[in-house]
Each structure stands twice: as C-alpha cells, then as structure tokens.
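Just so you know, the sequences run in chain order S and H.
The numbering used here applies: residue 1 is where the first sequence begins, and numbers increase by one.
The numbering used here applies: residue 395 is where the second sequence begins, and numbers increase by one.
I have placed the structure first, in the form of structure tokens, so that the comments after it can refer back to it.
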Amino acid sequence: MTRAVAVDQMFVTLNHALVAYVPAVWRPLASAVLGVVTVMVVFLTLFALTVLLERKGLGRMQNRYGPNRVGPWGILQPVADGIKAIIKEDVVPQSADHAVHFLAPVLIVVAAFLNYAVIPVGRGMALTDLNAGVLFFFAISSMVELGVFMAGWASRSKYSLFGAMRAIAQMISYEVPMLLAATATVMVAGTLSTTRIVEMQATYTGQIPHWFVLTPWGFTGFCLFMVAATAESNRSPFDLPEGESEIVAGYFIEYSGFKFALFFIGEYLGMMATSAMAITLFLGGWSAPLACLQWFPTWGWFFVKLVALLCGFIWMRGTLPRLRMDQLMNFSWKFLLPMTLVNLVATGLWRFLPVGWERWLICGALVVVPYALLGRSINWQGRKVAVRRYRYAE
Amino acid sequence: MLGRGIVEGMLETARNFLGSYVSRERLTTVQYPEERLAHIENARSFPFLVYDGADWQAGMRCVSCQICEKECPPKCIYIEKSVDKKPDAVGRPQNYPKVFNIDVSVCMSCQICVEVCPFDAIKMDVEYELGAHDRFGGLLLDKQRLSKSNEYYHRIHPTEAAAVDAALAEERAKMQAKQQAAAAAAAAKAAAPVAATPSAAIPSAPATEGKA
C-alpha cells in the first residue's frame, strides 16, 4: 500500500523536491509555474492524442483507414499537422480589426487553459484549491464566447459574423442547462470546491463508490451536462457555428496558419476541460471505480475517465448529423432546461428524503416521467410533414 | 421514447468501427502507391503510336497524314512530315513523321485522334502516372516516348487490338490479292509496267503495314 501511495503521489513529491532548490521566498511562485507548465504540456499532449484518436476513430466508423502515412500507423500525424500549421502563411484580411483579430484565438486558448486551474487531476493534484472552484470554472469557460465573437466580428466577413452569432446564441442557450445540471451536485455536496466534491465521492460502501452518477439525479445531471457540454464546445452534432457546409467554417473562416490551429486547440482543450469537470462533478474525479482497484494511481484513473469521455465525444460525432438552428434552440429551451429544473427538484428531494428504496423510486420517477413527456413534445418525427407553401412566391 | 434513434445510430457506428478491424471487405480504400486496381479494359488516358515488329522506327504505322493534328480540339498534336519516304514493311515508300509530339498537359483525352486515324496508328494508352518536374520537357511526349509496340496494345486493350489486327489482316490479304492480280496482269502483258498499282493501293490504305 505504501508503494501505491508513493506512485500515486510521485508528482507531488517531485514538485516538492524540485521546488526545494529554489530560495524560500520564491517557492510558491516556482511551485505554481511548475504546475502550470506541467498542465500545459500534459493537456497539449492529450490534445494531440485526441486529434489522432478522433481521426482514426472517425475513419473506422466510416469504414476508412484514417491517417496512416506519417510514422507507423500514422501516429505522427498530429506532429505533421502542427508543423504544417506553423509554417503556413498567416493571412489577415485587409479590412479586419488587426488587434482583435489577433487577440481572439489567444483569448480562447488562455480561457481554455485557465479552466484546468481548478481540476483535481489526482489526490492533492489540483493547481489551486479555490473554495469557489466550480464558479470559477463556469466564469472562465464563458470567456470563450467573448473570444468567439471577437473572432467573428474582427474578421469583417459575413460568414464569420454568422458563425459567431450562431455560436453566441448556442453557447448562451446551452450554458444555462449546463450550469443548472452542475448545480445539482453543488446542492448535494454543499460546497463549490472541486477538491471537496471529489473527496466526498471517493468513499465506498462495500465495493461501490459514492459517485454522484450512481444516483437518479446524478445520472440525469451527468447526461444533461454532457449534452450541454457538447454544445458548449461546438462539437458535432451541435457544430452549427462551424457549419462547413453552409457557412464554410463559421467564425474562424478568416484565420489561417497557426491562429487557426489555436482555435482548434482551444476547441479541444475546452472539450477536455468540460469533460474533466463532468468527471469531477459526477464521475468521482480521481477515485477508483471499485474499492479493490484503489492500488492504481489516482491520476491514472482521472485520465482513464477523461479519455473514455473523449471517446464518447468522438463516437457521437461519428454518429449524429448536424442539427438545424430551430432544432438546436428547441432542444435547449424546451427540453434541456425543463429537465435540469426537474432534476434540481429531484436532487432536493433526494437530499431530504430518508435513505432507502423509496427515495430511489420517487427520484427516479421524477426524472423518468418528465423525460418521456418532454421527449414526446419535441419529437418532430411524429409530426405531420406537409408540403411547404410560399404565400407570396407563387 | 426520445433517444432511441440516437442509441440505434451509435450501435450502427460501433458495428462499423469494430467491423472495420474484423473484415477487410468493409475497408474499400485502395492504398494507392502500394496497391492499385487493375484498369478496366475501356480505360484510356493519353494517345500513343502503335508500331509493328521489333523496331519502333521501321514498324511505325503512322504515315504522317496529319488528320489527327487537324482534328485535335485542343491542338496538342504537332507533326512534321518527312520530305523523304521510308520504305515500310510492305516495301512501299511512305511518308513518316519526322517529328510527332503530343503535349499531354494540353490533351483532354477525347480520343478523336484515334477515331479519325485511317491507319490505326494512334491508340489510347492507360498509363496515368506521368508526373514530371518539368512541365514543358516532361509532359511533351516525343515520337520515341509515344511509340509502343502492338504487343503492348494487345496487353492493355485485348479485344480492341484483336479487332484492329483482324481488319488489318483482311485488308492486307486484299492488298496482296490485288498485287498478285496486278503482277499476273503484268506478266501476261509482259511489256508495259503497270501504273495502276500505286493508285489502287492508296484507297485500300494498309500499305504501311508490316508483314508481321
């Protein structure tokens, strides 16, 4: 067990050992810089890995090979992509607002990286243990919207502006259910600190962990959160802001070279950050899925869960076609939002009902019944399809 | 219930994902430089000149009548007619192209030159890997690069080449019969040289044929 703990804490120990070389006054700063650099390196590597996984996985889902030319089995494809992005010409439209045009991708990437400050990657491995960590996360992740609109506006292109407006409409619409889904966990945990939330879930009854996803409200909350997170990170099937078939590339159409790559990085980092938040809030953060599996390092469990969720994102992208704008809005305001509100009621009941099967039954019914009813109300397959009439065109 | 279609779709993509690792038939991609599909018989890329026998210069079917040059819509064929006449395989003196160039970067593979050629001298090739570093030298194919043997033609378009060979053999037989008749007539007359033979040979046309 002691060896397991040593492996588990090896990065913390290493950090302490390295920081000890620095004069005492500079130690907090050195520790912070070390942590930030590590997070940047680790998550950029994971970004490269995700891109490769996505391209290979999507290829296989469409019965293609995917990239297989650069390096053995194409594993060096992200490196080639990176080199290509760096050496490409960086074209800025003449009438663009140059300063804002430059700042937009930077802002998006910075906002995406700031999210990781409050994610507990392992036991005692959060960069900062804010007591309002969840709040910080959502505040920072809404900065991405600003970056997106800056990009769309500064490009001086109608496609850009369309894309940006779509993106803003979508991200604001889906931020509400995302926040409300996260609120359920905060209500039960009674804290906004991500570290505390994970610690509460890292206890076991027998072999079963106390993950919030293993409760009716937690499961509902997790699903709603993930759907909203997909829309929030502009991923398929909610990739209307990008919409390459109708507005070519949306808000980053006027970007080329490394700035384009920054948008790409920002999108993936945002996706990983929201996945990490979902893990923290519902999937027990770094805790092992069974009590007997606790010998595996906690940071290992975190990344296993993260990659699993990313694979889920890729799988979804390979399956679903893009929504229409009205479907997107209907889905958010007529389905997700009521469901999150109902889920909040279920969470409250769960908190105050006595422990037992009645609690499961009541809370379960409280989320399943509205799900079925709301699902029927937005089910457009059941509607009659009529020939569209144009009143004035004939 | 809402979500059933999504689950079904996810199962379908999962089946594709796993299936692509199990059965090779799912992966329709041809890994081009390493493997390639056999070309279909009617495939065509750019024209080439057919020659009979072993020597490409002696056996060249082209008599430089320049019909293809005149008919070519993008004007990618350039022919210089020879002033002298080389004896073809039959032994009759015929013109031959001193220069025959096709700029394949201009050629649009319309096959009109093939259709107008009365001598079956120009046919469509299937070669498509013609990449070159020099657009002017590398893609301007000269007489030597354009010349390909009748065996090669048989290899790439067997049915068409067999039909061409049969037609040529028939015409050659007709020609020989006519020559024999003319020779017999000449022997019978035994006096005046027959002037009819060359003028009779031109419309029937296969005088440029090699014997082989």
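Positions of the beta carbon are idealized from the N, C-alpha and C atoms, including for glycine.
### Message
To be precise: take each residue of the segment 410-438 of chain H, compare its Cβ to all Cβ atoms of chain S, and keep it if any distance is under 9 Å. Which residues remain?
### Response
ASN410, PHE411, LEU412, GLY413, SER414, TYR415, ARG420, LEU421, THR422, THR423 and GLN425
#### Entry: Span of the alpha helix (DSSP H) around H:LEU524
From DSSP, H:LEU524 is part of no alpha helix (DSSP H); its letter is neither H nor E.
### Contact list for S:THR220 against chain H, beta-carbon separation under 7 Å
Those do not exist, as S:THR220 stays about 12 Å from chain H at its closest Cβ, beyond 7 Å.
### Query
When you compare each of S:THR347, S:PHE331, S:LEU269 and S:SER31 to S:ILE108 by their alpha carbons, which one comes out closest?
S:LEU269
### Task
May I ask which residues mark the beginning and end of the alpha helix (DSSP H) holding H:ASP449?
Counting along the chain, H:ASP449 falls outside any alpha helix (DSSP H), and DSSP gives it neither H nor E.
### Query
Under 9 Å, do S:LYS56 and S:PRO67 count as touching if we go by C-beta distance?
yes
### Query
For the candidate residues S:TYR251, S:PRO237, S:GLU199 and S:ALA182, whose alpha-carbon lies nearest to that of S:GLY218?
S:ALA182
### Neighbour list for H:GLY397 in chain S, Cβ cutoff strictly below 8 Å
GLY375
### Query
Between the Cα of H:VAL493 and the Cα atoms of H:PRO512, H:GLU523 and H:CYS459, which residue gives the shortest distance?
H:CYS459
#### Entry: Reference S:TRP153, options S:VAL367, S:ALA96 and S:ASN63, closest by Cα
S:ALA96
### CA-to-CA distance, S:GLY257 to S:ALA151, given in whole angstroms
15 Å
### Task
Following the continuous alpha helix (DSSP H) through S:SER31, name the residue where it begins and the one where it ends.
27-61
### Task
Can you give me the start and stop residues for the beta strand (DSSP E) that H:LYS492 sits inside?
491-497
### Task
Please confirm if H:GLY403 has its CB atom under 9 Å from at least one CB of chain S.
yes
### Query
Is it the case that the Cβ atoms of S:ALA139 and S:THR128 are separated by a distance below 9 Å?
no
### Query
At which residues does the beta strand (DSSP E) containing H:TYR472 begin and terminate?
471-475
### Query
At what residues does the beta strand (DSSP E) containing H:SER541 begin and finish?
541-543
### Query
What in chain S is Cβ-close to H:ILE400, meaning under 8 Å?
THR319 and LEU320
### Task
Mind checking who S:TYR204 pairs with in its DSSP beta bridge?
S:PRO209
### Query
Whose CA, out of S:ARG322, S:ALA308 and S:LEU34, lies closest to the CA of S:VAL22?
S:LEU34
### Message
Under 7 Å, CB to CB, which of the residues in the segment 529-563 of chain H have a partner in chain S?
### Response
none
### Task
For S:ARG156, decide whether its Cβ has a neighbour in chain H, counting only Cβ atoms nearer than 9 Å.
no
### For H:HIS551 and H:GLU603, the rounded distance between their alpha carbons
With a pLDDT of only 47 at H:GLU603, under the threshold of 50, the placement of this residue in the model should not be trusted; the figure read from the coordinates follows. So the two alpha carbons sit approximately 20 Å from each other.
### Query
What's the call for H:PRO487, buried or exposed, on a 16-neighbour Cβ count within 10 Å?
exposed
### Query
Taking all protein chains shown into account, do 16 or more other C-beta atoms lie within 10 angstroms of the C-beta of H:ALA606, making it buried, or fewer, making it exposed?
A caution first: H:ALA606 carries a pLDDT of 43, below 50, which makes its placement in the model too unreliable to give a value.
### Inter-residue spacing [alpha-carbon to alpha-carbon] between H:GLU509 and S:TRP73
48 Å
### Message
In the DSSP output, which residue or residues are listed as bridge partners for H:PRO441?
### Response
H:MET518
### Task
Pick helix, strand or coil for H:MET454, following the three-state DSSP scheme.
strand
### Message
With distance defined between alpha-carbon atoms, name the residue in S:HIS101, S:LEU309 and S:GLY356 nearest to S:MET226.
### Response
S:LEU309
### Message
Can you look up S:LEU224 in the DSSP assignment and give me helix, strand or coil?
### Response
helix
### Query
Does the segment 331-345 of chain S come close enough to the segment 45-53 of chain S to have 3 or more Cβ pairs within less than 8 Å?
no
### Message
Taking CB distances under 9 Å as the criterion, tell me whether S:ILE378 reaches chain H.
### Response
yes
### Query
By Cβ distance, which residues of its chain are closer than 8 Å to S:PRO370, with the 5 residues on each side in sequence left out?
PRO338, MET339 and VAL342
### Query
Does any C-beta atom of chain H lie closer than 9 Å to the C-beta of S:GLY57?
yes
### Task
Please work out which residues of its chain come closer than 6 Å, Cβ to Cβ, to H:ILE471, disregarding the five sequence neighbours upstream and downstream, and give them in chain order.
CYS462, GLU463 and ILE496
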